[in-house]
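K.L.:
Encoded as structure tokens, here's the structure I'll be asking about.
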Amino acid sequence: MKTQVGIIGGGPSGLILSQLLHLQGIDSVILERKTTDYVLTRIRAGVLEQGLVDLLHEAQVFERMEKEGEIHDGFDIAYNGKTHHVNLKKLTGTGVMIYGQTEITRDLIDARKKSGGVILEEAEVFDIQGLETDNPVIHFAQDGEDHILECDFVAGCDGFHGASRKAIPKEIIKTYEKVYPFGWLGILSETPPVSHELIYTRDEKGFSLCSMRHKMLSRYYIQVPLTDKVEDWSDDRFWDALKSRLPQNVADKLITGPSIEKSIAPLRSFVCETMRYGRLFLAGDAAHIVPPTGAKGLNSAASDIHYLSRALIDFYKTGEEKGLSEYSSKALKRVWKAERFSWWMTSLLHNLPNSEGESGDFTGKMQEAELDYIFNSEAALKSLAENYVGLPY
Ligand code: FAS
Ligand code: PHB
Numbered sequence: 021m022k023t024q025v026g027i028i029g030g031g032p033s034g035l036i037l038s039q040l041l042h043l044q045g046i047d048s049v050i051l052e053r054k055t056t057d058y059v060l061t062r063i064r065a066g067v068l069e070q071g072l073v074d075l076l077h078e079a080q081v082f083e084r085m086e087k088e089g090e091i092h093d094g095f096d097i098a099y100n101g102k103t104h105h106v107n108l109k110k111l112t113g114t115g116v117m118i119y120g121q122t123e124i125t126r127d128l129i130d131a132r133k134k135s136g137g138v139i140l141e142e143a144e145v146f147d148i149q150g151l152e153t154d155n156p157v158i159h160f161a162q163d164g165e166d167h168i169l170e171c172d173f174v175a176g177c178d179g180f181h182g183a184s185r186k187a188i189p190k191e192i193i194k195t196y197e198k199v200y201p202f203g204w205l206g207i208l209s210e211t212p213p214v215s216h217e218l219i220y221t222r223d224e225k226g227f228s229l230c231s232m233r234h235k236m237l238s239r240y241y242i243q244v245p246l247t248d249k250v251e252d253w254s255d256d257r258f259w260d261a262l263k264s265r266l267p268q269n270v271a272d273k274l275i276t277g278p279s280i281e282k283s284i285a286p287l288r289s290f291v292c293e294t295m296r297y298g299r300l301f302l303a304g305d306a307a308h309i310v311p312p313t314g315a316k317g318l319n320s321a322a323s324d325i326h327y328l329s330r331a332l333i334d335f336y337k338t339g340e341e342k343g344l345s346e347y348s349s350k351a352l353k354r355v356w357k358a359e360r361f362s363w364w365m366t367s368l369l370h371n372l373p374n375s376e377g378e379s380g381d382f383t384g385k386m387q388e389a390e391l392d393y394i395f396n397s398e399a400a401l402k403s404l405a406e407n408y409v410g411l412p413y
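Written as structure tokens, this is what we have:
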């Protein structure tokens, strides 16, 4: 089998890239190790920066998002029993779109299938050869047999646990990582959200987040120790823990109900430098991971795909290779700023153990002082807001 761009991974990164290339007459094949039905069972991101909304418009996959998505002009941060508003629209001129990653993925799969896009399901990539040549070969297993896909370029969109990053020689790749000593226990419930916007809460019992997918689908998270298992958490135990971390006036309004999804996600910061090796280009979670606190995971994948799609289209239309050679450094510049913001917001709002040499709840006092500073300084609040809505591409 042969194509122009071999895309490993049928998550949002791979699907958006494939759709953008298709609209410019560039062929691609997506190799996805799971079925598309399985991919659609994943509950992930919910907050879209304007950059991602624009990219979905460019990909001509926006109708349902515009109809069912909701624009939020701000969000709340609660601590010490009080709620403080971050007015994104007033501070930055824009807000964020609330529309689940699952729905984006559904819309993209439908669009690719409608336009004859090739998504090979249950096709697991296990090797990539010839990346230093002009004709790399992707090796994948499907239906118990090994196959090859010859292509001009390989897009590694296969997430943190994928195969593509491993194809970069050890002597070339540099990785940076921080693993956080806690996870997020998240649930989805068919209940009205407790508030019309998101509420991030810092509490001595731990972080919590009240989010949503739409007016009758709520998404809640609480910080839990990494040793916890999802089976340790009944719905009742979850709701009690969430209520105990919310300001009383919010807890009193919380409408609970049975969870339709419940899972624990570990938190890590991770960056792989370089994001390019020969004819391989990494994008999205294959290259970087953020703790979800700042809602930057999916949104950083979007800016990668914005840069990579333009570079590939330039190459095929004009032979120009400038975009391809600048891709990694350009993508990493924005990735590192998203990493910083995600680490900062996670460190600000979660219950952290004292560092070496600290005594008393020193870290907690630093968090409180920073929050007091933010909500009494226009400059500090604007800085938070401009990072949350997304820095320019
Ligand atoms: P994905 O991981 O989504 O997709 C990679 C695809 O590659 C998968 O479908 C996988 O099956 C496939 N694949 C892997 N190895 C392969 C192989 N060898 N061969 C073929 N296919 C292979 N971000 C936010 O902004 N907000 C959130 O709240 C949030 N919550 C998250 C919760 C969890 C549990 C996780 C894991 C991530 C979360 N994220 C969140 C981040 C998430 O949204 C990612 O940023 C987003 O999925 C990135 O998309 P992709 O880069 O396409 O990677
Ligand atoms: C979500 O709705 O899943 C969500 C929203 C904001 C975040 C993280 C997750 O910062």
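Each residue of the sequence shown is one higher than the one before, starting from 21 at the first, in this note's numbering. Note that CB positions come from ideal geometry on N, CA and C, so glycine has one too. Nothing here was measured: the structure is a model prediction, and the numbers come from that model.
What number of angstroms, rounded off, separates the C-alpha of arginine 288 from the C-alpha of tyrosine 200?
P.N.:
In a straight line, the C-alpha of arginine 288 is about 6 Å away from that of tyrosine 200.
K.L.:
For the ligand FAS, is there any heavy atom lying closer than 7 Å to the beta carbon of alanine 322?
P.N.:
Checking every heavy atom of the ligand FAS against the Cβ of alanine 322, none is found closer than 7 Å.
K.L.:
Leucine 128 and proline 278: beta carbons closer than 8 Å?
P.N.:
Going by C-beta atoms, leucine 128 is not nearer than 8 Å to proline 278.
K.L.:
Flag this pair as touching only if the region 296–303 and the region 185–193 have three or more C-beta atom pairs under 8 Å; answer yes or no.
P.N.:
At 8 Å Cβ cutoff, the stretches touch.
K.L.:
How many Å lie between isoleucine 50 and serine 320 at the Cα?
P.N.:
Distance between the alpha carbons of isoleucine 50 and serine 320: 20 Å.
K.L.:
Judging by CA-CA distance, which residue of Val106, Lys186, Gly343, Val67 is the nearest neighbour of valine 116?
P.N.:
For the residues Val106, Lys186, Gly343, Val67, the minimum Cα distance to valine 116 belongs to Val67.
K.L.:
Is the region 303–310 in contact with the region 391–404, if contact means three or more CB pairs nearer than 8 Å?
P.N.:
Touching, no, given that fewer than three Cβ pairs across the two stretches are closer than 8 Å.
K.L.:
Strictly by DSSP, which residues pair up with glycine 176?
P.N.:
Beta-bridge pairing links glycine 176 to Ile28, Leu302.
K.L.:
What residues in its chain sit with their C-beta under 6 Å from that of aspartate 96, if we drop five residues either side in the sequence?
P.N.:
Taken in chain order, the residues that qualify are Thr103, His105, Ile219.
K.L.:
Short of 8 Å in beta carbon distance, which residues of its chain neighbour valine 59, apart from the five on each side in sequence? Order them along the chain.
P.N.:
Counting only Cβ-Cβ distances below 8 Å, and skipping sequence neighbours, we find Gly30, Gly31, Glu52, Thr125, Ile129.
K.L.:
Does the ligand PHB have a heavy atom nearer than 7 Å to the CB of arginine 265?
P.N.:
For the ligand PHB, not one heavy atom lies less than 7 Å from the Cβ of arginine 265.
K.L.:
With burial defined as no fewer than 16 other Cβ atoms inside 10 Å of the residue's Cβ, what is the status of isoleucine 280: buried or exposed?
P.N.:
Its Cβ having fewer than 16 others within 10 Å, isoleucine 280 is exposed.
K.L.:
Got a sec? Which residues, its chain only, sit under 6 Å from glutamate 197 by beta carbon, not counting five neighbours each side?
P.N.:
The residues are Phe290.
K.L.:
Alpha carbons only, please: which of Asp154, Ser215, Ala322, Ser367 is nearest the one belonging to proline 412?
P.N.:
Considering only alpha carbons, the answer is Ala322.
K.L.:
Figure out for me which residue from Glu359, Ser329, Glu152, Ser362 has the closest Cα to the Cα of tyrosine 347.
P.N.:
Ranking Glu359, Ser329, Glu152, Ser362 by Cα distance to tyrosine 347 puts Ser329 first.
K.L.:
Can asparagine 407 and phenylalanine 335 be called in contact, C-beta distance under 8 Å?
P.N.:
Not closer than 8 Å, so no.
K.L.:
Beta-carbon within less than 6 Å of glutamine 149's beta-carbon, same chain only, minus the 5 sequence neighbours each way: which residues are those?
P.N.:
Once the five neighbours on either side are set aside, the close Cβ partners of glutamine 149 are Val157.
K.L.:
For the alpha helix (DSSP H) containing isoleucine 129, list its first residue and its last residue.
P.N.:
Start and end: 121–134.
K.L.:
Might you give, ordered along the chain, the residues of its own chain that have their beta carbon closer than 6 Å to the beta carbon of lysine 316, omitting 5 neighbours on each side?
P.N.:
Hits under 6 Å: Val310, Ala358, Ser362.
K.L.:
Provide the residue span of the alpha helix (DSSP H) that contains alanine 161, from first to last.
P.N.:
Not the alpha helix (DSSP H): alanine 161 falls in the beta strand (DSSP E), residues 157–162.
K.L.:
Report all residues from its chain with a CB closer than 8 Å to the CB of arginine 132; omit the five preceding and five following residues, and keep chain order.
P.N.:
Leu35, Ser38, Gln39, His42, Ile50, Ile139.
K.L.:
Buried or exposed: lysine 350, going by 16 or more other Cβ atoms within 10 Å of its Cβ?
P.N.:
Buried, because 16 or more other Cβ atoms sit within 10 Å of the Cβ of lysine 350.
K.L.:
Buried or exposed: where does asparagine 10 fall if 16 or more other Cβ atoms within 10 Å of its Cβ makes it buried?
P.N.:
In the structure displayed, the chain extends from 21 to 413; residue 10 sits before or after that span and is not available.
K.L.:
Please classify asparagine 371 as buried or exposed, where buried requires at least 16 other C-beta atoms within 10 Å of its C-beta.
P.N.:
Its Cβ being crowded by 16 or more others within 10 Å, asparagine 371 is buried.
K.L.:
Are the beta-carbon atoms belonging to isoleucine 28 and valine 145 less than 8 Å from one another?
P.N.:
Closer than 8 Å, so yes.
K.L.:
What is the rounded straight-line gap between the Cα of valine 147 and the Cα of methionine 21?
P.N.:
Going by the sequence as given, residue 147 is aspartate instead of valine. Distance between the alpha carbons of aspartate 147 and methionine 21: 15 Å.
K.L.:
Just mark isoleucine 207 as buried or exposed, buried being the case when its beta carbon has 16 or more other beta carbons within 10 Å.
P.N.:
Counting Cβ neighbours within 10 Å, isoleucine 207 comes out buried, since at least 16 surround it.
K.L.:
Is there at least one non-hydrogen atom of the ligand NAD closer than 7 Å to the beta-carbon of glutamine 121?
P.N.:
With respect to the ligand NAD, the structure offers nothing, as its ligand set consists of the ligand FAS and the ligand PHB.
K.L.:
What is the DSSP secondary structure of leucine 404, counted as helix, strand or coil?
P.N.:
Here leucine 404 sits in helix by DSSP.
K.L.:
If we require 3 or more residues per run, which beta strand (DSSP E) segments fall completely within the region 249–295?
P.N.:
List check, beta strand (DSSP E) in window: 279–293.
K.L.:
Report the residue ranges of all alpha helix (DSSP H) runs contained in full by the region 40–98; include only those spanning at least 4 residues, in chain order.
P.N.:
Complete alpha helix (DSSP H) runs here, min 4: 56–59, 70–78, 83–88.
K.L.:
Under 8 Å, do alanine 303 and alanine 175 count as touching if we go by C-beta distance?
P.N.:
Yes, the pair counts as a contact, with Cβ atoms nearer than the cut-off.
K.L.:
Let me know the secondary structure DSSP gives tyrosine 297 once reduced to three states.
P.N.:
Three-state result, tyrosine 297: strand.
K.L.:
Would you call the CB atoms of cysteine 171 and valine 25 closer than 8 Å?
P.N.:
Yes, the Cβ-Cβ distance between cysteine 171 and valine 25 is below 8 Å.
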